[in-house]
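The numbering of the sequence shown is the numbering used here, which starts it at 875 and goes up by one.
Single-structure report; data block below.
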Amino acid sequence: MKSFQEWLMENTAAPEAPTKPATEPKAPPAPSRPARTIPLPFKPPTRPEPANRPKAKKNESVKKKNLIGEGWEDVHGSVRDFIDRLPASHPFSKHDILNMPARGGGTYGSKIAQDSHADAEKKLKKLANGPRPAEEDENTPDERPWTNRKEYIDRESMSAMRQIQQIEYAHKEELQEAAVDLVSNYLGMPSDFFHAYLSRDKEEGMREKTKGGYKADTDKPRGVMPLDKNLRQHINRKITYNMMNQGHALNAMDGLHTQIKDVLEQIDPRLPQLYTKLSHTAKGQFWYSNIIELLQSPEMRKLGAASEVQLVRNEEEDQYEVVATAPVFIFLIQELLKGAFDLMSEHAFPPDMAEEDKKAIIGIADEHADEPWHFLYGPELWRIFVRMIPPTYKKGRKLMNLLMQLNRKDPARVNKILRDMVEEYYEKKEAGVDFTKHLAWETNFGKEIETLMRELEEEIEEIQREKEEPEE
875 MKSFQEWLME
885 NTAAPEAPTK
895 PATEPKAPPA
905 PSRPARTIPL
915 PFKPPTRPEP
925 ANRPKAKKNE
935 SVKKKNLIGE
945 GWEDVHGSVR
955 DFIDRLPASH
965 PFSKHDILNM
975 PARGGGTYGS
985 KIAQDSHADA
995 EKKLKKLANG
1005 PRPAEEDENT
1015 PDERPWTNRK
1025 EYIDRESMSA
1035 MRQIQQIEYA
1045 HKEELQEAAV
1055 DLVSNYLGMP
1065 SDFFHAYLSR
1075 DKEEGMREKT
1085 KGGYKADTDK
1095 PRGVMPLDKN
1105 LRQHINRKIT
1115 YNMMNQGHAL
1125 NAMDGLHTQI
1135 KDVLEQIDPR
1145 LPQLYTKLSH
1155 TAKGQFWYSN
1165 IIELLQSPEM
1175 RKLGAASEVQ
1185 LVRNEEEDQY
1195 EVVATAPVFI
1205 FLIQELLKGA
1215 FDLMSEHAFP
1225 PDMAEEDKKA
1235 IIGIADEHAD
1245 EPWHFLYGPE
1255 LWRIFVRMIP
1265 PTYKKGRKLM
1275 NLLMQLNRKD
1285 PARVNKILRD
1295 MVEEYYEKKE
1305 AGVDFTKHLA
1315 WETNFGKEIE
1325 TLMRELEEEI
1335 EEIQREKEEP
1345 EE
């Protein structure tokens, strides 16, 4: 495997806006490790559709009932209880952000979750109460016969999913290529790092992308939090990074597709709006369900198997690449973005770390059952991060280099930087700071980020000097 210095030099020298190679990419290599299956954040409705639904009026917007209210009290009790009182046996209870006491009472974990829910609720409310184009579905009723959030989310997500898959079926290759180009340009990474496949089930996707040799992921018992303080720092950093990874991908899923709106509308004018609807309702599912029961349901197991991402080793190019599969375009974007973040975390372990310690960190921090909680905390944690970092590092190659630095540096130092970020953010928020106008580099956190990036620049300069020195 390439050393960090070799990878860094090649990565830094890559063009800011890579273009797709002229030749067709080779089939991606077989995965070097089992894939993590990511459950789709929704499940099918259990209520049958009415036999005779009234038709929507043509060329008129349909005014719907106020289906979505407001307030933390509307979240499912099991979700609220977990967040408000983190179980002592769970690693989150030892996490230095989620369990950090907040000013005025409670924890910062609760504040982050409540703000994340408020944003999801706001988008759902806008979706539920906003006008619906009459051409979207001629069978849409004038008035919804229910007011339950979960029922609304189930029905709307599956309706959008069904329509999207019908439209995408004839444009599979075009959308796969568009997903790679969109993510590549957005992150400033070469497109040959990514492979994307639209598939309705895991078996179909795996046949396409690996040509055999795939070994299914297996359930494993929950790891025990180690007593070693250094390992705990690694675990806490990995948990934070996982939440930020999910949060970034979920937030991008809301609007990244609008950057190619013209392309999507050429396929079908309904696609952009359907993608937005599916994104909002899919993310809302976990707030209003018993997560354990949801994950164990046959419907969720079946749907969850269709969406996944993994890093595979390309021996010919001597690099890891992102291979993603999903049933619809916006979930494919989500998986590709998560895979790109996983690439940046490949440098998280020191070269001399024992294999058993690496396994202990991964076994606890990458627990599959915790991913729904990453969905809930992550979006707001990522928004805090973006609001607080200097504008230079908010996107593209510089953002990816910053994420790499957060993974490479001493975990105790990084954890303190991110912990201080959250505390400083809420202090300024409560003071009424307008983060759309506030200069992030004037924050203490912004100054810490600038220091991290100067250290990276100095390392790059040192590497360049060493390469230019004549050999003796």
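In this text, a Cβ means the ideal position worked out from N, Cα and C, and glycines have one as well.
- Query: For Arg1187, does the three-state DSSP call read helix, strand or coil?
  - Reply: Along the sequence shown, read from residue 1 onward, the residue named residue 1187 stands at position 313. Annotated three-state conformation of Arg1187 is strand, per DSSP.
- Close-in-space but distant-in-sequence residues of the same chain around Pro1253 (CB under 7 Å, 5 per side omitted): Taking the first residue of the sequence shown as position 1, residue 1253 is located at position 379. Excluding sequence neighbours, Pro1253 sits near Ser990, Asp993, Gly1121, Leu1124, Asn1125.
- Task: Please state whether DSSP places Leu1148 in a helix, a strand or coil.
- Result: As a position in the sequence shown, residue 1148 is number 274, starting the count at 1. Secondary structure of Leu1148 (DSSP, three-state): helix.
- Is it true that the stretch 1099-1115 meets the stretch 1257-1267, where meeting means three or more beta-carbon pairs spaced less than 8 Å apart? In short, these stretches do not touch, since the Cβ pair count stays below three.
- Alpha-carbon spacing of Leu1277 relative to Val1260, whole angstroms: Residue 1277 sits at position 403 when you count from the first residue of the sequence shown. Residue 1260 sits at position 386 when you count from the first residue of the sequence shown. Taking the straight line from one Cα to the other gives about 12 Å.
- Confirm, please, whether the CB-CB distance from Ile1207 to His1131 is below 8 Å. On the sequence shown, residue 1131 is found 257 positions in, with the first residue counted as 1. On the sequence shown, residue 1207 is found 333 positions in, with the first residue counted as 1. Against a cut-off of 8 Å, the Cβ pair of Ile1207 and His1131 comes out as a contact.
- Name the DSSP beta bridge partners of Pro975, please? If you number the sequence shown from 1, residue 975 lands on position 101. Paired residues: Thr981.
- Query: Would DSSP call Leu960 helix, strand or coil?
  - Reply: Here residue 960 refers to the residue found at position 86 when the sequence shown is read from its first residue. In the structure shown, the three-state DSSP call for Leu960 is coil.
- Item | At least 3 beta-carbon pairs within less than 8 Å: the stretch 1295-1302 vs the stretch 1335-1345 | No contact exists between the stretch 1295-1302 and the stretch 1335-1345.
- Pull up the distance between the alpha-carbon of Asn1188 and that of Ala1243, whole angstroms please. As a first step, residue 1188 is located in the sequence shown; it is residue number 314 there, counting from the start. As a first step, residue 1243 is located in the sequence shown; it is residue number 369 there, counting from the start. Their Cα atoms are separated by approximately 29 Å.
- Three-state secondary structure (DSSP) at Thr1310? Residue 1310 sits at position 436 when you count from the first residue of the sequence shown. DSSP, reduced to helix, strand and coil, places Thr1310 outside both helices and strands of the structure shown, so it counts as coil.
- Item | Reference Leu1001, options Thr981, Tyr1060, Glu1030, closest by Cα | Here residue 1001 is taken as the residue at index 127 of the sequence shown, counted from 1. Considering only Thr981, Tyr1060, Glu1030, the residue with the shortest C-alpha distance to Leu1001 is Glu1030.
- Query: Along the chain, where does the alpha helix (DSSP H) that runs through Tyr1115 open and close?
  - Reply: Locating residue 1115 in the sequence shown gives position 241, counting from the first residue. Unbroken alpha helix (DSSP H) run through Tyr1115: 1103-1129.
- Message: So, under 8 Å CB-CB, Ile1238 and Pro961 are touching, yes? Tell me the CB distance rounded to an integer number of Å.
- Response: Residue numbering aside, residue 1238 sits at position 364 when the sequence shown is read from its first letter. Residue numbering aside, residue 961 sits at position 87 when the sequence shown is read from its first letter. Actually they do not touch by this definition, with Cβ atoms about 14 Å apart.
- Per DSSP, which residues does Glu1195 bridge with? Please list them. The count along the sequence shown starts at 1 and reaches residue 1195 at position 321. Its beta-bridge partners are Val1186.
- Sequence ranges, alpha helix (DSSP H) only - wholly within the stretch 1244-1289, length at least 4: The qualifying runs are 1245-1262, 1270-1282.
- Nearest residue (CA-CA) to Glu1042, options Glu1139, Leu1061, Phe1067: Residue mapping note: residue 1042 aligns to position 168 of the sequence shown, counting from 1. For the options Glu1139, Leu1061, Phe1067, the alpha carbon positioned closest to that of Glu1042 is the one of Glu1139.
- Reference Asp1104; option with closest CA among Lys1341, Pro1285, Phe1319: Position 230 of the sequence shown, counted from the first residue, corresponds to residue 1104. The amino acid occupying residue 1104 in the given sequence is Asn; Asp does not appear at that position. Nearest of Lys1341, Pro1285, Phe1319 to Asn1104, Cα basis: Pro1285.
- Message: Quick check on the DSSP output: the beta strand (DSSP E) that includes Ile1071 runs from which residue to which?
- Response: Taking the sequence shown and counting its residues from 1, the one referred to as residue 1071 is at position 197. Per the sequence shown, residue 1071 should be read as Tyr rather than Ile. Counting along the chain, the beta strand (DSSP E) containing Tyr1071 begins and ends at 1068-1072.
- Give me the Cα-Cα distance between Leu1292 and Val1057, rounded to the nearest whole angstrom. On the sequence shown, residue 1292 is found 418 positions in, with the first residue counted as 1. On the sequence shown, residue 1057 is found 183 positions in, with the first residue counted as 1. Near 26 Å, if we compare the C-alpha coordinates of Val1057 and Leu1292.
- Message: Counting C-beta neighbours from all protein chains within 10 Å, is the total for Gln825 16 or more, i.e. buried, or is it exposed?
- Response: Coverage of the chain is limited to positions 875 through 1346, which leaves residue 825 absent and any answer about it impossible.
- Message: Going by beta-carbon coordinates alone, are His1069 and Val1197 separated by less than 8 Å?
- Response: If you number the sequence shown from 1, residue 1069 lands on position 195. If you number the sequence shown from 1, residue 1197 lands on position 323. Result yes, Cβ atoms of His1069 and Val1197 sit closer than 8 Å.
- Item | CA-to-CA distance, Ala1044 to Trp1161, given in whole angstroms | Position 287 of the sequence shown holds residue 1161. Position 170 of the sequence shown holds residue 1044. Cα to Cα, Trp1161 sits roughly 34 Å from Ala1044.
- Task: Grab me the residues of Glu1322's own chain with a C-beta within less than 7 Å of its C-beta, minus the 5 sequence neighbours each way, in chain order.
- Result: Numbered from 1 along the sequence shown, position 448 holds the residue referred to as residue 1322. Hits under 7 Å: Ile1291.
- Strand pairing of Ala1200, partner residues [DSSP]: The count along the sequence shown starts at 1 and reaches residue 1200 at position 326. Under DSSP, Ala1200 shares a beta bridge with Leu1072.
- Would you mind reading off the limits of the alpha helix (DSSP H) that contains Glu1134? Walking along the sequence shown from the start, residue 1134 turns up at place 260. The amino acid at residue 1134 is misidentified as Glu; the sequence shows Ile. Neither: Ile1134 is in no alpha helix (DSSP H) and is coded neither H nor E.
- Buried/exposed call for Thr1325, threshold 16 Cβ in 10 Å: Here residue 1325 is taken as the residue at index 451 of the sequence shown, counted from 1. An exposed status is given to Thr1325, since fewer than 16 other beta-carbon atoms sit within 10 Å of its beta-carbon.
- Message: Measuring only the C-alpha atoms, how far is His1221 from Leu972?
- Response: Looking up residue 1221 in the sequence shown gives position 347. Looking up residue 972 in the sequence shown gives position 98. Within the model, the alpha-carbon separation for His1221 versus Leu972 is close to 24 Å.
- Item | Cβ separation of Ala1156 and Ala1180, assumed to be a contact under 8 Å, to the nearest whole Å | If you number the sequence shown from 1, residue 1156 lands on position 282. If you number the sequence shown from 1, residue 1180 lands on position 306. Between Ala1180 and Ala1156 the Cβ distance is about 13 Å, and since that is not below 8 Å, they are no contact.
- Query: Hey, quick one: how far does the alpha helix (DSSP H) through Gly1062 stretch, first residue to last?
  - Reply: The residue given as residue 1062 occupies position 188 in the sequence shown. First-last for Gly1062: undefined, no H or E at that position.
- Query: In terms of residue numbering, what span does the alpha helix (DSSP H) encompassing Ser1033 cover?
  - Reply: Along the sequence shown, one-based indexing puts residue 1033 at 159. Run containing Ser1033: 1023-1042, per the alpha helix (DSSP H) assignment.
- Round the Cβ separation of Leu1152 and Met1035 to the nearest angstrom and send it over; I've been treating them as touching at under 8 Å. For this step, residue 1152 is matched to residue 278 along the sequence shown. For this step, residue 1035 is matched to residue 161 along the sequence shown. Contact check for Leu1152 and Met1035: beta-carbon distance about 6 Å, within the 8 Å limit, so the pair qualifies.
- Distance, Asn1119 Cα to Val949 Cα: In the sequence shown, counting from the first residue as 1, residue 949 sits at position 75. In the sequence shown, counting from the first residue as 1, residue 1119 sits at position 245. The straight-line gap from Cα to Cα measures roughly 23 Å.
- Please determine, among Gln1184, Ile1258, Glu1230, the residue with the shortest C-alpha to C-alpha distance to Glu1308. What you label residue 1308 is simply residue 434 of the sequence shown in a count that begins at 1. The sequence given here places Asp at residue 1308; Glu does not occur at that position. Among Gln1184, Ile1258, Glu1230, the Cα nearest to that of Asp1308 belongs to Ile1258.
- Message: At the level of alpha carbons, what is the spacing between Pro1015 and Phe1067?
- Response: Here residue 1015 refers to the residue found at position 141 of the sequence shown. Here residue 1067 refers to the residue found at position 193 of the sequence shown. Annotation note: pLDDT 44 at Pro1015 (below 50); position unreliable, coordinate value reported separately. Distance from the CA of Pro1015 to the CA of Phe1067, rounded to the nearest whole angstrom, comes to 45 Å.
- Message: Can you list, in chain order, the residues of its chain with a C-beta nearer than 8 Å to that of Ser967? Leave out the 5 residues immediately preceding and following it.
- Response: To locate residue 967, count along the sequence shown from 1; it is residue 93. Counting only Cβ-Cβ distances below 8 Å, and skipping sequence neighbours, we find Leu960, Pro961, Asn973.
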